[in-house]
Amino acid sequence: MVKALNEALRQSLAEDPRALVLGEDIGKLGGVFRVTEGLQDEFGTERVFDTPLAEAGIAGVSLGLALAGWHPVAEMQFDGFSYPALDQIISHVAKYRFRSRGRQAVPLVIRIPYAGGVGAAEHHSESPEAYYAHTSGLKVVTPSSPIDAYRLLRASIADPDPVIFFEPKSRYWSKEEGELAADGALPIGKARIVREGSDCTIVAYGAMVARSLQAASRAAERGVETEVIDLRSLVPLDLDALAGSVRKTGRAVVVHEAPMTAGFGAEIVARIMEDAFDYLEAPVLRVTGYDIPYPPATIESHYVPSVERVLAAIERVVNY
Amino acid sequence: MVKALNEALRQSLAEDPRALVLGEDIGKLGGVFRVTEGLQDEFGTERVFDTPLAEAGIAGVSLGLALAGWHPVAEMQFDGFSYPALDQIISHVAKYRFRSRGRQAVPLVIRIPYAGGVGAAEHHSESPEAYYAHTSGLKVVTPSSPIDAYRLLRASIADPDPVIFFEPKSRYWSKEEGELAADGALPIGKARIVREGSDCTIVAYGAMVARSLQAASRAAERGVETEVIDLRSLVPLDLDALAGSVRKTGRAVVVHEAPMTAGFGAEIVARIMEDAFDYLEAPVLRVTGYDIPYPPATIESHYVPSVERVLAAIERVVNY
Amino acid sequence: MDEDLGEGMNEAEGPFRVLPLAGEPPREIPSIGLKEKELRELYRLMALSRRADLEATALQRQGELAVYPPLIGQEAAQVGSAFALEESDWIFPSYRELGAAVVRGVDLVEYLHFYRATWHGGTYDANAHRFGMVSVPVGSQILHAVGYAMGAKLDGIALATLVYFGDGATSEGDFHEGCNFAAVFRAPVVFLCQNNQWAISVPVSAQTAAPIWKKAEAYGFPGVRVDGNDVLAVYQVTREAAIRAREDGIPTLIEAVTYRIGPHSTADDASRYRPGEEVEQWKAMDPLDRYRSWLTSSGVADEDYFQSVEGEAKDFAAKMRSGVIASGPRPLEELFEWVFDDLPPHLARQRDEVLRFAREAAEGIERG
Amino acid sequence: MDEDLGEGMNEAEGPFRVLPLAGEPPREIPSIGLKEKELRELYRLMALSRRADLEATALQRQGELAVYPPLIGQEAAQVGSAFALEESDWIFPSYRELGAAVVRGVDLVEYLHFYRATWHGGTYDANAHRFGMVSVPVGSQILHAVGYAMGAKLDGIALATLVYFGDGATSEGDFHEGCNFAAVFRAPVVFLCQNNQWAISVPVSAQTAAPIWKKAEAYGFPGVRVDGNDVLAVYQVTREAAIRAREDGIPTLIEAVTYRIGPHSTADDASRYRPGEEVEQWKAMDPLDRYRSWLTSSGVADEDYFQSVEGEAKDFAAKMRSGVIASGPRPLEELFEWVFDDLPPHLARQRDEVLRFAREAAEGIERG
Ligand SMILES: Cc1ncc(C[n+]2csc(CCOP(=O)(O)OP(=O)(O)O)c2C)c(N)n1
Ligand SMILES: Cc1ncc(C[n+]2csc(CCOP(=O)(O)OP(=O)(O)O)c2C)c(N)n1
Ligand SMILES: [Mg+2]
Ligand SMILES: [Mg+2]
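Protein chains in written order, with my numbering: chain L, 411 to 730; chain R, 411 to 730; chain W, -8 to 359; chain D, -8 to 359.
Below you can see the structure in the form of structure tokens.
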């Protein structure tokens, strides 16, 4: 996925003369995950540059660059270090177009490597997507595969509005060559059915899509046909895909890494309740991180939804 | 409610020699809403003091004061100005006890006047409770009446853990003398049934409780008996009260001012789904603010849930 | 702890000043390269600002505005600095810069729509005037001015951005991060701090222990303290700073020492926290009076001129008033028009709901 | 834009220095009030730190630690400053202060539990050592040190807090807000910036355009630049700063000029962004070598002493290694034990679920 993201940035910088890439250590180093590797050499220090160590500064200055007609792609080095930028994002980035009656748009992409399962230290494994999804005026996108990462990042950079782009760290080194063949622009706001099934729907995004697919095949071994939906974007949310699948299966399990309480999974449950209540044969269950700080890496595997936990939820709704 | 909050702070300062009150303009001015009026005169500039204009500073320094054995009650002047403090709150205030294996607790209360309906300017009418409710390690409390404001703030200051205390601005000038007679400590995490009913449950908190009661009596005129639950605290959430009521009524409407997407209402819907699915006769509906930036005050009445909107939802679930 | 506060301010150096203080004898002042016509224009713009500001306060008292933060006393700081810029330069205001808006020819009815709560950014076209939207979160707009300046520099456009903020704003992290970015990227920014001595009820002595102009030392660019009630001094230091910015990419922090004669906003009661004498002292240094007496003594303007300006200001304010009063709320459709460039399905649903309820309310439909 | 960067640093003044540089002839140095025993102890602590640091890096390479940020090269900056404090003073570290932990007698196995990902704060008792938990969000711990100092002052306890942070941290808003609060409230804080020239791949010249010690001017308290590889100089300026803090409530910003000899962390490859020559130059100023030759030339310590310290350091590191390797993960129950003082119902549910799945996994139960 790192290569796909790097390629998406390269293509955007090449095709869009207004595109900029900025952040901490994204220049010479190429980013701590190498997502921006080689970009400064290729496009120069004016279009690809390191900033001082200040996330609010990165977000606020990027907004200013956008007002000046640039298309900044800013990186927050890790999920846990994106919080100092929240005020600029909530108070300005998300509100600027609205407040200016459409005269001052903010075509800004903020990339955030997120979530856990990579054995990292504290503050390096957080899943803050719900903060952004709850903030009106932001689009929130997260890919689950290299090809989606490429196409969704291209679409996000081309989008006229601010996009918070969450990159699932634990998928950074995933290949899935097969898919890399696919191509074409990808509209933001369309989910993807990655596996068809008739007995139960799993709704997931980011790294939990692969995890859900594993659970789905395990379930299949026991004759339970599970449909797996990759949301791809949390805002806008693909309401039709969601309702369509659950109306078909009558059962659903939502999976994410973030803590349960007020996590995005609750929104999915509420939408299913509103749009598919009559078809529900069982309660929609959530399999999520727990309502505790992200745990030390030596025991994180008990926190991140496991195949077993997803399977258990599938069984509960199927045997309800 | 302002008087009740002021009295709660006064009593806490008087009874707890470690209690401190700090924030912007909370000293001589007594706060822009006069919640801290007279406290500096009475307790001196060492225990009640103004800070420089820096919210991250207020939160981070308050944590340090707590480590030194003090019980700070910090004020964020308005909802929309609490965001610069989010990093300190998410990265440290919420995690400190956990990280220190219980050795360094943070008995800190952060007061935030919140929500709209008061004709205020931009950034002065926001409802950010979901950001905090989604942050593991924080308790999130919000009163709906003067007496609850008094008792919940006392309980919050006495609590050994960080409490984000949301004060509904539009109820600041409410009296409700009757209730002021009530008394006794109030445990954090217990909801209150403010009106009994058998046909439908309304779940609300803060300013929306009064609004929901209005809707309930309007509904009663048409023979619909609505039960109204005031959550009082979002974290911990009173799961039993929630499930108990919905199991009785089979129908529920959730009301809050914050935008719908990933708002706390979604969590309530998901909990009802998990704990009372078999009893549901209709989908649980949400009546909330819309997924747009909080609107200009001249048209905010179309944004904040109105009696009509709540009534319409009640009818939908009752006639489902 | 308040007792300890503010000794730091004693180090403060006397500000740069051109105009004689009240009581001082009239004297020749060094030419600052302004034609007599421009010298008079400076007065005119201050007079219009003063009158419009008083009118806005009156409108709020009469319930025509939701709230309003008076600028009275800060006319020289705002007009002198805004007038020193080129048209191509950008201004990023906070919420108290009606005077700068006047210089930029922003329609004040459209400006006051922010305070009438008609629309958050006001309804004027920020791009047309290169005058940004009203920004309320203290200090937050500083970063936008820095980013815009970086962007212009990348385009090879020689312009400066000027950002207004107050003494209280210097305590925010955004101020620090903005100044540091500007220095590191050599961004053409003029940081104009109107030190009006108060941040609502907090005096600058409780806000910081160092003189504000000195904070520039932390970033490696010049810091200047100027008499903010001296329109010519403010003009001069701002002009020099803007040139440094455009030509050499050197940012400047200007501390314009002035005073907030009025309350923080119409919602504030300043008598609760500051002595009336302090206000009186500063009234004696009124920026319009000081400039007017110099214009007179130096023969640049006469009574007739001041008369005509008074008349113009009156009409200006009257036109603003009638415009404000005549304006109604915006149509509800607009709430969903600019959240995004497009209208995603969930917002379409919500828009339809808002309009339906509005219609029913209008038709007075009783439910059930 | 990088071309423009960093001229600002040229203004930098020579740092305060006591020890002769490598090559310089041995000379009498002004007494700094340390007994010979203490002078030797300083070396011993640096030697233990050096050895433990190398061992920690080795442990990471062998997969026994998840990650580790080496402090090699910064021993004098950490040991000299930590040693200058009273036991009652508090230290708030960032993530690279193993050397200061050694001075405070923190069990390094408990310290390294942070990097072994056993427990986030490490498992040592911060209160017992008045040595705060490892803090990763850059600059964030500065505010905690300021708040603690304010709290101690309110209690009338004469102590200072010392907070460690790096050159990169000075760009964060938290640094600015913390310094300003400290100045306004006269909080007894020593701000100790280890300027090791790099913030991961970003050189200090791209981080700020002003010398770091000068940033103190923005707050109205003293700023000092000291040779961070000179343990005696660091000791002296820190001691003076701590006394100013305790006795007069005057904060100080100390810039200890040093160098990060190793990579940012074991996950980093510094060869991607910095020349090897630079590293070699700084190795020639190794803080241990410099101090050792002075100790020898001034007759304070001899070969036997250094031999014995070497032996002790070896055992020290070996004990640390065996302790780390022997340690396992924490029991899952602990995940829910300290979220709150109590265990709310929703967490009780989740704890039961975690334990159930763990049990089933242990019992190897195949579902379905
Ligand atoms: C981030 C933030 N915190 C708090 C407020 C509330 N507030 C509005 S103006 C103000 C004081 C600002 O003082 P100063 O910067 O000196 O500007 P002035 O109002 O004096 O022009 C405060 C605290 C705000 N608008 N934004
Ligand atoms: C708020 C925040 N942003 C980004 C990071 C990622 N990060 C960890 S260390 C570091 C560089 C810090 O440099 P400096 O302050 O000079 O300290 P040093 O590592 O050199 O000791 C960065 C960017 C972080 N930990 N916290
Ligand atoms: Mg002010
Ligand atoms: Mg460094």
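Here a beta-carbon is modelled for each residue, glycine too, at the ideal position from N, C-alpha and C.
Heavy atom of ligand 3 within 7 Å of residue i beta-carbon
{"i": "D:R347", "result": "no"}
{"i": "W:W189", "result": "yes"}
Heavy atom of ligand 1 within 7 Å of residue i beta-carbon
{"i": "R:P494", "result": "yes"}
{"i": "R:D460", "result": "no"}
{"i": "R:R428", "result": "no"}
CA-to-CA distance, residue j to residue i, given in whole angstroms
{"i": "L:A601", "j": "L:S555", "result": "13 Å"}
{"i": "D:P213", "j": "L:I499", "result": "35 Å"}
{"i": "R:G526", "j": "W:W110", "result": "16 Å"}
{"i": "L:Y689", "j": "L:V503", "result": "39 Å"}
{"i": "R:V727", "j": "R:A625", "result": "14 Å"}
{"i": "W:P216", "j": "W:I245", "result": "According to the sequence shown, residue 216 of chain W is Arg rather than Pro. Distance between the alpha carbons of W:R216 and W:I245 is about 6 Å."}
{"i": "R:A559", "j": "D:E32", "result": "57 Å"}
{"i": "L:A707", "j": "R:Y493", "result": "29 Å"}
{"i": "R:G518", "j": "R:G454", "result": "Looking at the sequence itself, residue 518 of chain R is Leu, so the reference to Gly does not match. About 20 Å."}
{"i": "W:A364", "j": "W:V154", "result": "Outside the shown range of chain W, which is -8 to 359, sits residue 364 of chain W, and nothing can be said about it."}
{"i": "W:L10", "j": "W:E29", "result": "16 Å"}
{"i": "R:A617", "j": "R:S711", "result": "14 Å"}
{"i": "D:S72", "j": "D:R281", "result": "17 Å"}
Contact test: residue i Cβ vs ligand 2 heavy atom, cutoff 7 Å
{"i": "D:E88", "result": "no"}
{"i": "D:H255", "result": "yes"}
{"i": "R:A662", "result": "no"}
Outcome for residue i when other beta-carbon atoms lying within 10 angstroms are tallied against a minimum of 16
{"i": "L:Q487", "result": "buried"}
{"i": "L:S422", "result": "buried"}
{"i": "D:P278", "result": "buried"}
{"i": "R:D489", "result": "buried"}
{"i": "R:R457", "result": "buried"}
{"i": "R:A591", "result": "Confidence at R:A591 is low in this model, with a pLDDT of 45, below 50, so its placement is unreliable and the value that follows should be read with caution. By the neighbour-count rule (16 or more Cβ atoms within 10 Å), R:A591 is not buried but exposed."}
{"i": "W:L183", "result": "buried"}
{"i": "D:I133", "result": "buried"}
{"i": "D:A339", "result": "exposed"}
{"i": "D:L223", "result": "buried"}
{"i": "W:G5", "result": "exposed"}
{"i": "L:S580", "result": "buried"}
{"i": "D:P322", "result": "exposed"}
Residue i CB to nearest heavy atom of ligand 5 below 7 Å
{"i": "D:R312", "result": "This structure simply doesn't include ligand 5; it includes ligand 1, ligand 2, ligand 3 and ligand 4 instead."}
Counting pairs of Cβ atoms below 8 Å between the segment 34 to 47 of chain W and the segment 85 to 93 of chain W, do you hit three or more? yes
Give me the subset of the segment 466 to 500 of chain R whose CB atoms are less than 9 Å from a CB atom of chain W, sorted by chain position. A466, G467, Q487, G490, F491, Y493 and P494
For the pair the segment 167 to 180 of chain D and the segment 454 to 471 of chain R, tell me if three or more CB-CB distances fall below 8 Å. yes
Can at least three beta-carbon pairs, one atom from the segment 188 to 198 of chain W and one from the segment 424 to 437 of chain R, be found at a separation below 8 Å? yes
Below 8 Å, can you find three or more Cβ-Cβ pairs linking the segment 7 to 18 of chain W to the segment 283 to 294 of chain W? They touch, by the three-pair rule.
For the 8 Å Cβ check, are there 3 or more pairs between the segment 629 to 637 of chain L and the segment 570 to 580 of chain L? no
Taking a cut of 9 Å between CB atoms, which residues from the segment 517 to 544 of chain R lie near chain W? Residues of the segment 517 to 544 of chain R whose Cβ lies closer than 9 Å to any Cβ of chain W, in chain order: G529, A530, A531, E532, H533 and H534.
Quick test of the definition: if touching needs 3 or more C-beta pairs under 8 Å, does the segment 54 to 62 of chain D touch the segment 96 to 115 of chain D? yes
If we count Cβ pairs, one from each stretch, closer than 8 Å, do we get three or more for the segment 511 to 524 of chain L versus the segment 109 to 127 of chain W? The segment 511 to 524 of chain L vs the segment 109 to 127 of chain W: in contact.
Residues in the segment 149 to 163 of chain D having any Cβ partner in chain A nearer than 8 Å: Protein chains L, R, W and D are contained in the structure displayed, whereas chain A is not.
At a CB distance below 8 Å, what residues from the segment 101 to 121 of chain D approach chain R? Give them in sequence order. W110, H111, G112, T114, D116, A117 and N118
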